[in-house]
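There are 2 protein chains.
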Amino acid sequence: MSLTTIRIRFLDSAKLDRAGAEPPSFLDMPELNIFCDYRLEPDVLKLLQDGVAPHRIIFPQKTADTVLQNPGPDPAFAQADIAFGQPDVRSILASSRLRWVQVSTAGITRYDTPDFRAAARSRGLILTNSSGVFAEACAEHVFTFMLAQARQLPVALQTRVAHSSAAWAHLRAESRCLKGQSVVLLGFGAIAARLVELLAPFQMKISAMRRNPKGDEGVPTFTPDLLPSVIATADHVVDILPENADSRHFINAERLAAIKPGAIFYNIGRGATVDQTALLASLQSGHLGAAWLDVTDPEPLPEGHPLLTVPNCHITPHTGGGHGHEAESLVRHFLENFRLFLQNAPLRDRVM
Amino acid sequence: MSLTTIRIRFLDSAKLDRAGAEPPSFLDMPELNIFCDYRLEPDVLKLLQDGVAPHRIIFPQKTADTVLQNPGPDPAFAQADIAFGQPDVRSILASSRLRWVQVSTAGITRYDTPDFRAAARSRGLILTNSSGVFAEACAEHVFTFMLAQARQLPVALQTRVAHSSAAWAHLRAESRCLKGQSVVLLGFGAIAARLVELLAPFQMKISAMRRNPKGDEGVPTFTPDLLPSVIATADHVVDILPENADSRHFINAERLAAIKPGAIFYNIGRGATVDQTALLASLQSGHLGAAWLDVTDPEPLPEGHPLLTVPNCHITPHTGGGHGHEAESLVRHFLENFRLFLQNAPLRDRVM
Numbered sequence: 025m026s027l028t029t030i031r032i033r034f035l036d037s038a039k040l041d042r043a044g045a046e047p048p049s050f051l052d053m054p055e056l057n058i059f060c061d062y063r064l065e066p067d068v069l070k071l072l073q074d075g076v077a078p079h080r081i082i083f084p085q086k087t088a089d090t091v092l093q094n095p096g097p098d099p100a101f102a103q104a105d106i107a108f109g110q111p112d113v114r115s116i117l118a119s120s121r122l123r124w125v126q127v128s129t130a131g132i133t134r135y136d137t138p139d140f141r142a143a144a145r146s147r148g149l150i151l152t153n154s155s156g157v158f159a160e161a162c163a164e165h166v167f168t169f170m171l172a173q174a175r176q177l178p179v180a181l182q183t184r185v186a187h188s189s190a191a192w193a194h195l196r197a198e199s200r201c202l203k204g205q206s207v208v209l210l211g212f213g214a215i216a217a218r219l220v221e222l223l224a225p226f227q228m229k230i231s232a233m234r235r236n237p238k239g240d241e242g243v244p245t246f247t248p249d250l251l252p253s254v255i256a257t258a259d260h261v262v263d264i265l266p267e268n269a270d271s272r273h274f275i276n277a278e279r280l281a282a283i284k285p286g287a288i289f290y291n292i293g294r295g296a297t298v299d300q301t302a303l304l305a306s307l308q309s310g311h312l313g314a315a316w317l318d319v320t321d322p323e324p325l326p327e328g329h330p331l332l333t334v335p336n337c338h339i340t341p342h343t344g345g346g347h348g349h350e351a352e353s354l355v356r357h358f359l360e361n362f363r364l365f366l367q368n369a370p371l372r373d374r375v376m
Numbered sequence: 025m026s027l028t029t030i031r032i033r034f035l036d037s038a039k040l041d042r043a044g045a046e047p048p049s050f051l052d053m054p055e056l057n058i059f060c061d062y063r064l065e066p067d068v069l070k071l072l073q074d075g076v077a078p079h080r081i082i083f084p085q086k087t088a089d090t091v092l093q094n095p096g097p098d099p100a101f102a103q104a105d106i107a108f109g110q111p112d113v114r115s116i117l118a119s120s121r122l123r124w125v126q127v128s129t130a131g132i133t134r135y136d137t138p139d140f141r142a143a144a145r146s147r148g149l150i151l152t153n154s155s156g157v158f159a160e161a162c163a164e165h166v167f168t169f170m171l172a173q174a175r176q177l178p179v180a181l182q183t184r185v186a187h188s189s190a191a192w193a194h195l196r197a198e199s200r201c202l203k204g205q206s207v208v209l210l211g212f213g214a215i216a217a218r219l220v221e222l223l224a225p226f227q228m229k230i231s232a233m234r235r236n237p238k239g240d241e242g243v244p245t246f247t248p249d250l251l252p253s254v255i256a257t258a259d260h261v262v263d264i265l266p267e268n269a270d271s272r273h274f275i276n277a278e279r280l281a282a283i284k285p286g287a288i289f290y291n292i293g294r295g296a297t298v299d300q301t302a303l304l305a306s307l308q309s310g311h312l313g314a315a316w317l318d319v320t321d322p323e324p325l326p327e328g329h330p331l332l333t334v335p336n337c338h339i340t341p342h343t344g345g346g347h348g349h350e351a352e353s354l355v356r357h358f359l360e361n362f363r364l365f366l367q368n369a370p371l372r373d374r375v376m
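Chains A and B are the protein sequences, given in the same order.
Take the position in the first sequence, starting the count at 1, then add 24; the result is the number in this note's numbering.
Take the position in the second sequence, starting the count at 1, then add 24; the result is the number in this note's numbering.
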């Protein structure tokens with residue numbers, strides 16, 4: 025892709041304020057090095073390389089086994105102006121050159137510490153995540169959990185019974201409509217906002233817990249101190265919390281006990297936000313009607329873990345954000361932000 | 025409940041046209057016999073009896089084992105002015121006294137014949153069904169199927185894998201978002217109308233097949249002759265057809281072959297609308313991506329039936345319409361129509 029092509033793309037961009045001045049002269053910007061430790065298939069890598077040219081992608085000398093593990097420092101990192109993927113925290117903090125990190129997940133656990141936040145603030149380092157890429161799939165995933173529970177899907181798919189048999193009548197009577205029920209969302213970001221949209225036709229009573237309600241949530245919000253009274257009446261409690269020092273084991277024995285008996289708990293956030301021993305006890309006692317988890321601590325749970333066999337616990341293996349052409353979506357999301365970065369415009373999904 | 029009480033209820037009814045004349049003098053109406061062969065628990069039966077008083081409920085001398093089987097003629101039926109449940113076709117046709125039948129299901133298969141329709145028309149017999157009671161649950165049920173398929177729920181619930189393993193990457197890549205996909209509804213009644221509402225936030229391309237489009241569907245409609253071209257591009261095909269002579273094996277080998285390769289088929293209508301041999305072949309060949317069936321022919325499928333074991337076929341045992349307090353919902357729905365009947369007002373869910 026030539027320089028000319030890039031300029032044409034910028035001039036064509038719907039995001040450009042056509043009535044305003046000429047776009048910032050990004051062509052004057054020195055060539056940037058973009059460190060990418062996200063492993064990409066050749067066609068998607070080409071999309072990324074073409075999309076950033078004439079700037080260039082540089083690669084780690086070693087690659088991570090998983091996006092959720094820290095690969096450790098990499099010698100190539102020192103040359104990076106921008107990083108895309110899951111770059112090593114110490115390397116970020118050690119670099120004086122780095123200006124922007126785009127994390128390839130929605131979660132930013134490893135970066136979400138007071139020290140990192142302070143360092144980023146003092147140096148003007150930008151941190152964005154990829155929540156926009158995963159929000160739709162995560163919202164649909166946890167919404168699927170809610171409906172599957174209401175319609176008793178796991179049991180129904182394994183039941184072959186005659187009409188009007190006792191088992192049939194029981195299964196029909198246990199089945200529910202979501203319409204008119206109540207739900208509490210713990211955390212309010214892109215996933216929660218989308219879930220609220222998906223739930224709209226069900227005329228549910230929805231409220232959301234947020235550390236700092238902003239008033240733009242579109243549903244009633246409350247601060248964590250009010251949680252016990254709210255969860256005492258909700259049919260569904262949806263954990264969409266990120267993992268950080270404040271959220272670790274947020275769902276503990278005390279809060280589980282405050283949940284309305286028979287209510288359903290869902291986790292599409294992070295596994296460590298739940299005290300799993302307390303969750304297991306609540307499920308076994310029948311206080312909690314059921315749990316649906318896309319995240320656990322650790323992932324996967326070790327063979328023989330009791331949450332794997334308690335019948336009212338349903339676990340998917342952190343596939344909530346998954347969708348076809350995921351890597352391509354991540355790269356396109358990065359490229360959108362890269363264009364904004366070159367224009368000095370506000371980036372999407374900025375978290376620091 | 026006294027006569028006075030009933031009059032007060034009528035005068036309070038929101039359905040009454042307060043600006044119009046006095047309501048029809050239902051108190052002049054002779055006491056009506058309401059034949060009910062729907063087996064009710066004592067509290068729900070009391071709701072029904074109180075609701076119709078001073079008119080009275082009469083019972084069959086023998087009761088049906090299932091709402092979907094025909095119990096045959098019953099001696100008590102000859103005294104009935106109204107019937108609620110699943111009354112015997114021959115008894116209905118033999119009665120000169122009967123004026124209205126409310127079927128306790130959404131399906132009216134046993135009554136939906138040219139002979140029965142002609143007899144009902146010539147005698148002014150009204151037939152209503154209970155589709156309003158089941159539409160919400162059925163719409164939520166098939167919507168659950170669509171989301172469970174998109175999120176690969178049956179596989180995901182049984183998969184315990186490490187991040188970035190090949191199995192994990194595959195499962196995430198196979199997962200989909202419903203957003204932006206296309207769906208064709210076969211049949212358009214209360215269930216389809218509600219499903220269209222539930223799908224609204226997903227910005228899907230929706231169209232509906234209807235024998236006689238009325239223009240009030242809110243989505244593009246087409247007649248059955250145009251089906252092949254429409255299903256050639258749809259990601260989801262949802263069968264909501266009733267069972268009658270026209271719909272039997274409507275989904276046959278030819279129509280299955282016309283469906284877009286990899287598309288998903290759902291049946292929340294009636295099992296007999298599908299040629300199951302052709303369905304099996306299409307699933308086994310991989311032409312159809314998957315099938316999700318709440319209805320089969322017969323129900324349940326006999327032990328060893330190949331649809332029970334083909335991995336991309338998911339079956340629930342006709343629990344689509346099930347919901348808590350179902351019998352109570354049916355009785356309340358009947359009582360609503362009973363009030364309208366006494367007022368000579370148009371009945372809800374009238375099908376003949």
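Heads up, the beta-carbon is just placed ideally off N, CA and C, and yes, glycines get one too.
Treat the numbers as computed from the prediction; the structure is a model and nothing was measured.
8 Å Cβ cutoff met for B:P324 and B:A282: By 1-based counting over the second sequence, the position of residue 324 of chain B is 300. By 1-based counting over the second sequence, the position of residue 282 of chain B is 258. No, Cβ-Cβ distance for B:P324 and B:A282 is not below 8 Å.
Just how far apart, CA to CA, sit A:A197 and B:I132? Within the first sequence, the letter at position 173 stands for residue 197 of chain A. Within the second sequence, the letter at position 108 stands for residue 132 of chain B. Cα to Cα, A:A197 sits roughly 22 Å from B:I132.
Taking B:I339 as the query, report the chain A residues whose CB atoms sit under 8 Å from its CB, ordered along the chain. In the second sequence, counting from the first residue as 1, residue 339 of chain B sits at position 315. The answer, in chain order, is L181, R184.
Would you mind sorting A:G286 into buried or exposed? The rule is 16 or more other CB atoms within 10 Å of its CB. Taking the first residue of the first sequence as 1, we reach residue 286 of chain A at position 262. The residue in question, A:G286, is exposed, as its Cβ has fewer than 16 Cβ neighbours within 10 Å.
is_contact[A:R356, chain B] using C-beta, thresh 8 Å: Locating residue 356 of chain A in the first sequence gives position 332, where the first residue counts as 1. No - not a single Cβ of chain B is within 8 Å of the one on A:R356.
Have a look at A:V166 and B:H260 and give me their C-alpha separation to the nearest angstrom. Translated into the one-based positions of the first sequence, residue 166 of chain A becomes position 142. Translated into the one-based positions of the second sequence, residue 260 of chain B becomes position 236. Roughly 21 Å between the two C-alpha positions.
A:G346 classed as buried or exposed, judged by whether at least 16 other C-beta atoms fall within 10 angstroms: Position 322 of the first sequence, counting from 1, holds the residue named residue 346 of chain A. Label assigned to A:G346: buried.
Count the C-beta pairs between the segment 316-332 of chain A and the segment 287-304 of chain A that are closer than 8 Å, then say yes if the count reaches three, no if not. yes
Within this structure, are the beta carbons of B:I288 and A:L181 separated by less than 8 Å? Mapped onto the second sequence, residue 288 of chain B falls at position 264. Mapped onto the first sequence, residue 181 of chain A falls at position 157. No, Cβ-Cβ distance for B:I288 and A:L181 is not below 8 Å.
How would you label A:T28, buried or exposed, when you count the other beta carbons within 10 angstroms and need 16 or more for buried? Counting from 1 along the first sequence, the entry for residue 28 of chain A is found at position 4. Its pLDDT being 33, under 50, A:T28 is placed unreliably by the model, and nothing is read from it.
Determine, using beta-carbon pairs with one atom in the segment 260-271 of chain A and one in the segment 204-219 of chain A, whether at least three such pairs fall under 8 Å. yes
In or out: A:A256 buried (at least 16 other Cβ within 10 Å) or exposed? Position 232 of the first sequence holds residue 256 of chain A. Its Cβ having fewer than 16 others within 10 Å, A:A256 is exposed.
Could you pull out every residue in the same chain whose Cβ sits closer than 7 Å to the Cβ of B:E278, ignoring the five residues on either side in sequence? Reading the second sequence from its first residue, position 254 is the one you call residue 278 of chain B. Nothing listed; no residue qualifies.
Quick one: which chain A residues come within Cβ less than 8 Å of B:G348? Against the second sequence, residue 348 of chain B aligns to sequence position 324. Neighbours of B:G348 on chain A, chain order: A197, E198, S199, R200.
Between B:H141 and B:W124, what straight-line distance do the alpha-carbon atoms span, to the nearest angstrom? Position 117 of the second sequence, counted from the first residue, corresponds to residue 141 of chain B. Position 100 of the second sequence, counted from the first residue, corresponds to residue 124 of chain B. The question names His, yet the displayed sequence has Arg at residue 141 of chain B. Taking the straight line from one Cα to the other gives about 13 Å.
Could you say which of B:Y62, B:M233, B:L177, B:I292 lies nearest to B:D112 if we only look at CA atoms? In the second sequence, the residue the question calls residue 112 of chain B occupies position 88. The option with the nearest alpha carbon to B:D112 is B:Y62.
Leaving out the 5 sequence neighbours to the left and right, which residues in its chain are closer than 6 Å to A:I157 when beta-carbon positions are compared? Here residue 157 of chain A refers to the residue found at position 133 when the first sequence is read from its first residue. A small fix is needed here, since residue 157 of chain A is Val in this sequence, not Ile. Closer than 6 Å at Cβ, skipping near neighbours: S353, L354, H357.
Neighbour flag for A:A214 against chain B, beta carbons, 8 Å: As a first step, residue 214 of chain A must be located in the first sequence, where it is residue number 190. So no, A:A214 is outside the interface.
Any Cβ of chain A within less than 8 Å of the Cβ of B:H260? Counting from one through the second sequence, the residue named residue 260 of chain B turns up at place 236. It does not; no Cβ of chain A falls within 8 Å.
I'd like the span of the alpha helix (DSSP H) that includes B:F83, first residue to last. For the purposes of this step, residue 83 of chain B is taken as residue 59 along the second sequence, with counting starting at 1. Careful: B:F83 lies outside any alpha helix (DSSP H) and carries neither H nor E.
Considering only the alpha carbon of each residue, which of B:C60, B:E221, B:P225, B:H194 lies closest to B:S128? Locating residue 128 of chain B in the second sequence gives position 104, where the first residue counts as 1. Comparing Cα positions, the closest option is B:C60.
Given that B:E164 touches chain A, what residues does it touch there, using C-beta distances under 8 Å? Here residue 164 of chain B is taken as the residue at index 140 of the second sequence, counted from 1. By Cβ distance, chain A contributes L171, A174, R175, C201, L202, K203.
Euclidean distance between Cα positions of A:F274 and A:E327: On the first sequence, residue 274 of chain A is found 250 positions in, with the first residue counted as 1. On the first sequence, residue 327 of chain A is found 303 positions in, with the first residue counted as 1. C-alpha separation (whole angstroms): 25 Å.
Beta-carbon neighbours of A:A224, restricted to chain B and to distances below 7 Å: Here residue 224 of chain A corresponds to residue number 200 of the first sequence, with the count starting at 1. Going along chain B in sequence order, the residues near A:A224 (Cβ under 7 Å) are P225.
Distance, B:R235 Cα to B:P249 Cα: As a first step, residue 249 of chain B is located in the second sequence; it is residue number 225 there, counting from the start. As a first step, residue 235 of chain B is located in the second sequence; it is residue number 211 there, counting from the start. According to the sequence as given, residue 249 of chain B is Asp; it is not Pro. Rounded to the nearest angstrom, the two C-alpha atoms are 9 Å apart.
Min CB distance B:F108 to chain A below 8 Å: Here residue 108 of chain B refers to the residue found at position 84 of the second sequence. So no, B:F108 is outside the interface.
Starting from B:L151, trace the beta strand (DSSP E) both ways and give me its first and last residue. By 1-based counting over the second sequence, the position of residue 151 of chain B is 127. Its beta strand (DSSP E) spans residues 150-152.
So which residues of chain A does B:T133 contact, with C-beta pairs closer than 8 Å? By 1-based counting over the second sequence, the position of residue 133 of chain B is 109. In chain order: nothing, as chain A lies at least about 13 Å away.
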